[in-house]
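K.L.:
There are 6 protein chains.
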Amino acid sequence: MRLSLSTWPQVEAYLARATGVIVPIGSTEQHGPNGLVGTDAICPEHLAWSAGERAGILVAPTLSIGVAQHHLGFPGSLTLRPTTLIAVLEDVVASLARHGFRDLYFLNGHGGNVATVQAAFAQIHGRYSLAGTASPLRLRLANWYLGRRVQALSRELFGDREGSHATPSEISLTWHAHPDRAQPMAFDPEVAPTGAIADAADYRARFPDGRIGSAPGLASVAAGARLHEAGVEDLLEDYAAFLAG
Amino acid sequence: MRLSLSTWPQVEAYLARATGVIVPIGSTEQHGPNGLVGTDAICPEHLAWSAGERAGILVAPTLSIGVAQHHLGFPGSLTLRPTTLIAVLEDVVASLARHGFRDLYFLNGHGGNVATVQAAFAQIHGRYSLAGTASPLRLRLANWYLGRRVQALSRELFGDREGSHATPSEISLTWHAHPDRAQPMAFDPEVAPTGAIADAADYRARFPDGRIGSAPGLASVAAGARLHEAGVEDLLEDYAAFLAG
Amino acid sequence: MRLSLSTWPQVEAYLARATGVIVPIGSTEQHGPNGLVGTDAICPEHLAWSAGERAGILVAPTLSIGVAQHHLGFPGSLTLRPTTLIAVLEDVVASLARHGFRDLYFLNGHGGNVATVQAAFAQIHGRYSLAGTASPLRLRLANWYLGRRVQALSRELFGDREGSHATPSEISLTWHAHPDRAQPMAFDPEVAPTGAIADAADYRARFPDGRIGSAPGLASVAAGARLHEAGVEDLLEDYAAFLAG
Amino acid sequence: MRLSLSTWPQVEAYLARATGVIVPIGSTEQHGPNGLVGTDAICPEHLAWSAGERAGILVAPTLSIGVAQHHLGFPGSLTLRPTTLIAVLEDVVASLARHGFRDLYFLNGHGGNVATVQAAFAQIHGRYSLAGTASPLRLRLANWYLGRRVQALSRELFGDREGSHATPSEISLTWHAHPDRAQPMAFDPEVAPTGAIADAADYRARFPDGRIGSAPGLASVAAGARLHEAGVEDLLEDYAAFLAG
Amino acid sequence: MRLSLSTWPQVEAYLARATGVIVPIGSTEQHGPNGLVGTDAICPEHLAWSAGERAGILVAPTLSIGVAQHHLGFPGSLTLRPTTLIAVLEDVVASLARHGFRDLYFLNGHGGNVATVQAAFAQIHGRYSLAGTASPLRLRLANWYLGRRVQALSRELFGDREGSHATPSEISLTWHAHPDRAQPMAFDPEVAPTGAIADAADYRARFPDGRIGSAPGLASVAAGARLHEAGVEDLLEDYAAFLAG
Amino acid sequence: MRLSLSTWPQVEAYLARATGVIVPIGSTEQHGPNGLVGTDAICPEHLAWSAGERAGILVAPTLSIGVAQHHLGFPGSLTLRPTTLIAVLEDVVASLARHGFRDLYFLNGHGGNVATVQAAFAQIHGRYSLAGTASPLRLRLANWYLGRRVQALSRELFGDREGSHATPSEISLTWHAHPDRAQPMAFDPEVAPTGAIADAADYRARFPDGRIGSAPGLASVAAGARLHEAGVEDLLEDYAAFLAG
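Protein chains in written order, with the working numbering: chain Y, 339 to 583; chain R, 339 to 583; chain P, 339 to 583; chain E, 339 to 583; chain B, 339 to 583; chain W, 339 to 583.
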């Protein structure tokens with residue numbers, strides 16, 4: 339059940355029976371020569387929409403631009419400053435809380451967002467803590483690529499050629515969502531170098547085609563289909579555990 | 339050509355021949371009993387994707403949450419504070435400028451965003467003006483519902499029952515994008531009351547079902563198809579005029 | 339009744355019978371070769387003081403610096419960043435609200451302020467909307483130059499040579515307020531070019547003497563006197579309508 | 339020479355021979371039973387206009403709202419948050435610097451502004467210091483009521499009944515500027531209590547009629563005339579010393 | 339070599355041979371019934387001072403207040419909002435960069451700081467990335483309690499009774515630094531409960547004496563001495579690796 | 339009684355009998371050729387710890403980085419922007435207030451902090467004033483170097499060679515706290531020049547070795563011991579007066 343495709347009376351009816359919502363959050367940034375710029379937003383959105391459909395969970399609009407300053411050396415990458423993303427999250431959470439949502443589950447697709455989202459959670463809870471009142475909100479950040487089934491499947495499919503950016507897993511999953519965008523490609527070297535992340539100039543110098551440690555030449559729509567199923571199951575399980583408290 | 343569905347080499351190739359980009363911007367807010375919460379984001383996105391496809395124009399991810407504090411009395415509405423949206427726009431524009439985009443065309447679907455987007459433009463240009471350097475950027479805000487063809491067609495179809503919020507035009511257009519979401523409905527009164535906008539409590543008191551001055555009972559997928567064509571033509575014409583300077 | 343020239347017991351007495359106040363808001367920016375830098379602040383202040391005197395309405399101090407980044411190519415122009423003006427308006431409104439003022443009428447003299455003032459209104463109302471309480475405030479932005487009588491008189495006096503910046507109307511009105519500053523002057527070309535506004539460098543390139551579409555050579559103290567009377571009547575009528583709800 | 343009453347070519351001509359400007363800064367706040375709410379803005383403005391006229395110094399628009407949170411217990415008092423005033427000062431200084439002004443002399447009328455203005459100066463200079471470049475700006479804050487001649491005259495006229503808020507000196511000076519606003523009044527007690535300042539509730543409890551340590555019953559237009567002369571001379575002397583470096 | 343206890347000529351001499359600096363960062367928050375409120379600041383400071391002494395590394399002043407909103411239910415806990423800490427880190431880094439420091443090593447003592455510090459790093463690097471220039475800075479966040487030797491020793495000494503807040507390891511280390519503050523104590527239950535962290539009210543309800551999963555009854559000065567040695571060695575090794583690139 | 343070296347039950351016990359706390363606040367900045375970079379933090383911390391010990395007053399962690407942009411021309415100096423320090427003070431005060439502290443006494447060691455701390459006090463009190471509620475807090479800023487006994491002793495010891503930055507008094511006091519850091523030194527000229535402060539480049543040009551008006555060659559551990567005693571007595575006296583109201 340997508341919020342964007344619902345009417346307010348439908349949301350009102352949903353709130354009469356539930357206080358939880360999934361908010362996909364991603365990034366718009368380069369994902370190597372054959373990965374989509376929207377990969378990190380498409381993945382959590384794709385899983386959240388499927389899970390929401392299957393289990394009748396409301397899914398908020400995807401926050402599709404994240405903290406990706408280190409990718410700005412590659413055309414098409416967009417970033418928010420961390421303080422901007424904190425402000426966005428404060429507003430989105432306050433809006434949802436206004437309507438009675440209490441259990442906010444952020445499904446994330448981008449490692450670079452994790453720190454800022456957790457900082458935002460502390461900022462949000464901190465208002466209550468400083469005021470000496472109890473926060474009515476429960477906030478959870480989950481990364482789809484760290485789900486139990488997804489991790490197992492990813493290891494099975496790609497082993498240590500998964501890498502950490504522009505991975506065959508995430509690229510496969512986007513191709514499952516958008517099969518017409520699948521761009522099988524041979525890479526040289528097959529597996530990209532690894533290393534730490536700093537600013538955009540440093541990133542481009544270390545990782546000249548954008549990949550980190552990955553072999554996206556292994557990506558396929560078929561793998562994407564399996565990852566999709568694994569991801570949806572991970573999400574439904576973890577969301578249920580979250581609601582159960 | 340959607341940025342999210344492109345690879346960075348494709349964006350690089352695009353930038354070799356063009357410096358323009360369309361950024362759809364909308365809102366997530368109630369649109370009356372049978373209008374989708376995502377209406378104001380869906381409309382500009384739908385038009386931008388079609389126009390981008392037709393003419394090879396790059397379309398950035400939709401900024402789907404806007405300034406909608408006055409709708410918070412209705413479940414599902416989300417808002418950014420104006421200062422938050424200004425920060426978001428500063429970051430998105432700075433990211434695009436970093437890559438060499440020069441002509442940024444924001445296609446807007448929500449009247450409540452106009453003031454804040456224009457304030458953001460002044461904030462962005464002002465950095466250059468205060469520094470005493472020329473801004474390399476050209477920024478334009480266009481509202482799809484004010485296009486020449488769209489206005490004419492809207493008048494033809496709905497006359498003075500168009501209204502100003504949850505209009506049959508915008509609802510028809512979303513139904514063209516998502517026909518399975520079409521919810522024909524009879525309204526009482528057929529045409530909603532009109533008036534000024536302040537805060538959320540005041541809004542809900544004045545406009546109890548969320549509509550302002552409109553008769554969304556007139557919406558139809560067929561009307562949406564015609565509005566879509568008119569809107570795409572308006573957009574392509576205005577975008578070309580913008581690029582021409 | 340000017341707030342600056344009142345004592346607090348006088349304001350207390352005023353509040354016992356009224357909850358409305360007029361806040362003139364303008365700009366400090368070039369107004370062409372013979373227009374005063376303070377034009378956009380002088381005009382609403384002049385009208386507000388006269389109307390306040392005539393009808394016993396309290397007039398707050400003029401906010402004389404606005405959003406004018408595009409004029410910074412001309413010596414003497416000052417600007418606030420839009421986010422700064424929003425903060426100023428938040429504070430001024432909060433201060434007035436603290437005393438029991440409820441109906442705040444901003445009389446504006448500068449088109450470049452409109453977007454930011456409206457964004458500030460959304461920011462202010464939004465605090466209440468997000469908190470789920472009703473805003474006690476009514477906020478209105480009116481532009482003196484768009485008043486019914488002023489527009490009619492302006493058309494009668496200057497027709498299509500009125501233009502949009504450094505207009506003969508506004509310059510005449512400032513000369514009525516400060517007759518010793520009247521600088522009749524012949525212009526070449528008589529009517530300035532028109533066009534869109536971006537940053538300061540672009541503005542100076544397009545509009546080399548600062549005017550946009552106007553013929554301030556037509557300005558006169560006599561015209562100013564008539565515009566003053568029209569403007570005061572427009573203001574009193576619109577303010578009464580605002581109070582009436 | 340008032341900036342508001344000049345044209346941009348006049349400012350351009352001024353900048354060809356000078357880089358200094360006086361910026362009056364005050365407050366809008368209660369000044370006891372017979373003092374004007376605008377006292378702290380009127381005083382520096384009155385002196386700056388006279389000095390500017392006498393010596394051909396450019397005077398910027400008065401910043402008439404300052405940091406006056408402690409006066410909010412009295413109707414009509416307005417405040418900016420200190421962070422807001424810092425932002426305003428950053429923008430005004432940046433605007434002036436843009437045009438080539440280098441020596442910015444702030445003439446202040448309100449003790450409560452001093453800390454924030456000095457903090458703003460540190461914020462402004464700090465940008466250059468952190469960037470490792472030399473600041474082109476010279477910034478000075480002067481309080482008219484601390485001028486040598488003014489202090490001597492004040493002591494002569496009112497001795498220890500001058501006090502520190504709603505003083506007979508400042509009230510006399512405003513009456514010299516606005517003789518029609520003179521409200522001679524007998525006070526009981528003649529001299530108000532003294533003490534420290536915290537928030538608004540505390541202020542009103544300690545100083546029930548708004549005065550601190552003062553006897554404004556002694557104020558007169560005649561005293562104002564003498565204080566005006568003393569203040570203008572102080573200002574011209576100090577401004578010249580400032581320019582001389 | 340502590341920055342606070344150096345003169346500027348000594349720092350200048352240091353910069354002639356090195357560009358690295360250690361910045362201890364901690365928190366001021368409850369650490370259970372017998373743990374010091376300053377534990378998270380004392381630990382990294384203690385290790386950094388020892389390592390700095392041993393190897394001639396400059397150590398900046400400890401940032402002793404961190405993000406600890408969840409501890410505010412216990413007297414004495416202090417917090418910064420995440421956005422405040424980001425601003426502090428921006429300023430400290432900019433100051434150090436101004437002098438030519440290039441390799442900034444933050445030694446952290448508080449898990450709750452990690453997200454915000456990493457967000458700050460993205461904010462700082464992002465300025466360069468958005469400007470299209472290379473960042474001259476290398477930034478590293480290391481947590482002393484995750485060092486290889488410390489972890490091994492901690493497991494050896496306390497096994498699974500180490501827990502995650504108010505651990506016997508950190509308490510032992512503070513007692514090594516301040517032996518007169520050692521407060522051996524028996525706990526009931528010996529090992530505290532575990533769980534997730536949200537706001538302060540929730541924290542106090544779940545963890546009534548402040549501990550999470552730990553058995554600080556096991557803490558001792560002797561253990562602290564061994565942890566100190568392990569921590570210093572970890573730090574020197576990791577710092578050398580950081581400098582080596 | 340140092341907060342950092344207390345447990346939360348000890349703070350709880352303290353709050354049962356007291357609502358006051360001392361917060362040392364200083365700066366990290368050059369103090370001439372033989373003064374410690376940490377001088378302005380060490381001095382108030384040293385006095386506060388001694389006074390706290392003597393009289394059982396709680397002492398919060400030292401805020402050791404202040405507003406010192408003008409010292410950035412000398413290696414090792416650190417600064418916060420004034421707006422950053424205001425945010426820090428808002429958070430620290432809010433945290434202390436949350437626990438029931440009501441009387442917050444800031445003992446300052448750096449003249450450059452005074453304006454910003456006072457601005458922060460207005461910002462903090464202003465929240466209550468704007469909300470129309472009474473502030474529960476009492477805030478005081480005291481500068482140790484302006485204490486009655488300290489001033490008298492300083493005059494006795496150093497007369498007019500005390501100066502205003504890198505003074506023999508403050509350097510002596512730091513040497514009393516850290517006798518191993520005493521660096522007696524002969525200066526040429528013995529007494530440094532004096533003048534006003536602007537940005538860092540200007541400062542270094544005017545005051546080439548960092549001192550202003552002082553003769554730190556006169557500093558000694560013995561003088562520091564006497565100043566320490568005077569400072570502690572000043573502090574205890576003033577703190578008691580503050581509590582007494």
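A virtual CB, placed ideally from N, CA and C, is assigned to each residue, including glycine.
Mind pulling the beta strand (DSSP E) runs of 3 or more residues that sit fully within the stretch 429-476 of chain P?
P.N.:
Fully enclosed beta strand (DSSP E) runs of 3 or longer: 441-446.
K.L.:
Residue range of the alpha helix (DSSP H) that V488(W) falls in?
P.N.:
In the sixth sequence, the residue the question calls residue 488(W) occupies position 150. Where V488(W) is concerned, the enclosing alpha helix (DSSP H) stretches over 486-496.
K.L.:
If you run the structure through DSSP and keep just helix, strand and coil, what is I380(W)?
P.N.:
Taking the sixth sequence and counting its residues from 1, the one referred to as residue 380(W) is at position 42. I380(W): helix per DSSP, three-state reduction.
K.L.:
Could you name the residues of the stretch 357-371 of chain E whose beta carbon sits closer than 8 Å to any beta carbon of chain P, in the order they occur along the chain?
P.N.:
Listed by position along the chain: T366, Q368, H369, G370, P371.
K.L.:
Find the nearest neighbour of R392(R) within the set D572(R), A582(R), G583(R), I363(R), judged by alpha-carbon distance.
P.N.:
Here residue 392(R) is taken as the residue at index 54 of the second sequence, counted from 1. Among D572(R), A582(R), G583(R), I363(R), the Cα nearest to that of R392(R) is on D572(R).
K.L.:
Would T471(B) be called buried (16 or more neighbouring beta carbons within 10 Å of its own) or exposed?
P.N.:
Counted from its first residue, the fifth sequence places residue 471(B) at position 133. It counts as exposed.
K.L.:
Which first and last residues belong to the beta strand (DSSP E) in which V361(R) is found?
P.N.:
Taking the second sequence and counting its residues from 1, the one referred to as residue 361(R) is at position 23. Per DSSP, V361(R) belongs to the beta strand (DSSP E) from 358-363.
K.L.:
Pick helix, strand or coil for H516(B), following the three-state DSSP scheme.
P.N.:
Translated into positions along the fifth sequence, residue 516(B) becomes position 178. Three-state result, H516(B): coil.
K.L.:
Taking its Cβ as the centre, do 16 or more other Cβ atoms sit within 10 Å of A379(B), making it buried, or is it exposed?
P.N.:
Reading the fifth sequence from its first residue, position 41 is the one you call residue 379(B). By the neighbour-count rule (16 or more Cβ atoms within 10 Å), A379(B) is buried.
K.L.:
I'd like to confirm the pairing. Which residues does DSSP put opposite V559(R) in its beta bridges?
P.N.:
Numbered from its first residue, the second sequence carries residue 559(R) at position 221. According to DSSP, V559(R) bridges with nothing at all.
K.L.:
Excluding the 5 residues flanking S502(R) on each side, which residues of the same chain have their C-beta closer than 6 Å to its C-beta?
P.N.:
Residue numbering aside, residue 502(R) sits at position 164 when the second sequence is read from its first letter. Taken in chain order, the residues that qualify are I550, G551.
K.L.:
Report yes or no: do the stretch 339-356 of chain B and the stretch 396-405 of chain B share at least 3 C-beta pairs separated by less than 8 Å?
P.N.:
Yes, the stretch 339-356 of chain B is in contact with the stretch 396-405 of chain B.
K.L.:
Would you list, in chain order, the members of the stretch 482-511 of chain R that have their beta-carbon closer than 8 Å to a beta-carbon of chain E?
P.N.:
So the list is empty, because no residue satisfies the distance condition.
K.L.:
V570(R) by DSSP, collapsed to three states: which one?
P.N.:
Within the second sequence, residue 570(R) is the residue found at index 232, counting from 1. Helix.
K.L.:
Is it the case that the Cβ atoms of L475(B) and I462(B) are separated by a distance below 8 Å?
P.N.:
The count along the fifth sequence starts at 1 and reaches residue 475(B) at position 137. The count along the fifth sequence starts at 1 and reaches residue 462(B) at position 124. Yes. Within cutoff.
K.L.:
Alpha carbon to alpha carbon, how far is Y541(R) from G533(R)? Give it in angstroms, no decimals.
P.N.:
The residue labelled residue 533(R) in the question sits at position 195 within the second sequence. The residue labelled residue 541(R) in the question sits at position 203 within the second sequence. Each residue's Cα considered, the two are about 9 Å apart.
K.L.:
Assign R478(Y) to one of three DSSP states: helix, strand, or coil.
P.N.:
Residue numbering aside, residue 478(Y) sits at position 140 when the first sequence is read from its first letter. Of the three classes helix, strand and coil, the one that applies to R478(Y) here is strand, per DSSP.
K.L.:
Relative to chain E, which residues along the stretch 430-444 of chain B have a C-beta separation below 9 Å, given in chain order?
P.N.:
Within the stretch 430-444 of chain B, the qualifying residues are A432, S433, A435, R436.
K.L.:
On the DSSP letters alone, give me the boundaries of the alpha helix (DSSP H) that Y483(Y) sits inside.
P.N.:
In the first sequence, the residue the question calls residue 483(Y) occupies position 145. Here Y483(Y) belongs to no alpha helix (DSSP H), and DSSP marks it neither H nor E.
K.L.:
With DSSP as the reference, identify every bridge partner of V397(B), one or two as the case may be.
P.N.:
For the purposes of this step, residue 397(B) is taken as the residue at position 59 of the fifth sequence. Partner(s): R340(B), I360(B).
K.L.:
Name, in chain order, the residues that DSSP records as bridge partners for I403(R).
P.N.:
Along the second sequence, read from residue 1 onward, the residue named residue 403(R) stands at position 65. Per DSSP, none; premise fails for I403(R).
K.L.:
How far does the alpha helix (DSSP H) with A543(Y) in it reach, from first residue to last?
P.N.:
The residue you call residue 543(Y) lines up with position 205 of the first sequence. That run of the alpha helix (DSSP H) goes 538-544.
K.L.:
For chain P, is any of its Cβ atoms less than 8 Å away from the one on D576(R)?
P.N.:
The count along the second sequence starts at 1 and reaches residue 576(R) at position 238. False, the Cβ-Cβ gap to chain P never drops below 8 Å.
K.L.:
So for I424(Y), helix, strand or coil by DSSP?
P.N.:
For this step, residue 424(Y) is matched to residue 86 along the first sequence. The answer is helix: DSSP assigns I424(Y) an H, G or I state.
K.L.:
If we ignore side chains and look at the alpha-carbon of each, how far apart do F580(B) and G390(B) end up?
P.N.:
The count along the fifth sequence starts at 1 and reaches residue 580(B) at position 242. The count along the fifth sequence starts at 1 and reaches residue 390(B) at position 52. Using only the alpha carbons, I get a separation of about 15 Å.
K.L.:
Please classify I550(E): does DSSP put it in a helix, a strand, or coil?
P.N.:
Walking along the fourth sequence from the start, residue 550(E) turns up at place 212. Three-state DSSP puts I550(E) in a strand.
K.L.:
I want to verify the contact list: residues of chain W whose CB lies under 9 Å from the CB of G376(B), in sequence order.
P.N.:
Your numbering for residue 376(B) matches position 38 in the fifth sequence. Result: R340, L341, S342, L343, S344, P399.
K.L.:
Closer than 7 Å by beta-carbon distance: list the chain Y residues that pair up with R419(B), in chain order.
P.N.:
Here the question's residue 419(B) lines up with position 81 in the fifth sequence. Ordered by position in chain Y, the residues that pass the 7 Å Cβ test against R419(B) are Q461, G464.
K.L.:
Around the C-beta of R355(B), are 16 or more other C-beta atoms found within 10 angstroms, so that it is buried, or is it exposed?
P.N.:
In the fifth sequence, the residue the question calls residue 355(B) occupies position 17. The residue is exposed, with fewer than 16 neighbouring Cβ atoms inside 10 Å.
K.L.:
Determine the burial state of D576(R): buried for a count of at least 16 other Cβ atoms within 10 Å of its Cβ, exposed for fewer.
P.N.:
In the second sequence, residue 576(R) corresponds to position 238, counting from 1. So D576(R) counts as buried.
K.L.:
Please name the residue in S558(E), G411(E), G370(E) whose C-alpha comes closest to that of S492(E).
P.N.:
For this step, residue 492(E) is matched to residue 154 along the fourth sequence. The candidate whose alpha carbon is nearest that of S492(E) is S558(E).
K.L.:
Who are the near neighbours of F459(E) in its chain, counting only those whose CB is closer than 6 Å to its CB and skipping five residues on each side?
P.N.:
Position 121 of the fourth sequence holds residue 459(E). Excluding positions up to five away in sequence, the list reads L477.
K.L.:
For L418(R), tell me which candidate among T422(P), G464(P), H409(P), A425(P) has the shortest Cα-Cα distance.
P.N.:
Along the second sequence, read from residue 1 onward, the residue named residue 418(R) stands at position 80. When only C-alpha atoms are compared, the closest one is G464(P).
K.L.:
Shortest alpha-carbon distance to V426(Y) belongs to which of F439(Y), T512(Y), N451(Y)?
P.N.:
Sequence index remark: in the first sequence, residue 426(Y) carries index 88 (1-based). Here the closest residue by C-alpha is N451(Y).
K.L.:
Could you name the residues of chain Y that S473(B) contacts, counting a contact when the two beta carbons are closer than 9 Å?
P.N.:
Along the fifth sequence, read from residue 1 onward, the residue named residue 473(B) stands at position 135. What S473(B) touches in chain Y: A536, D537, A538, A539, D540.
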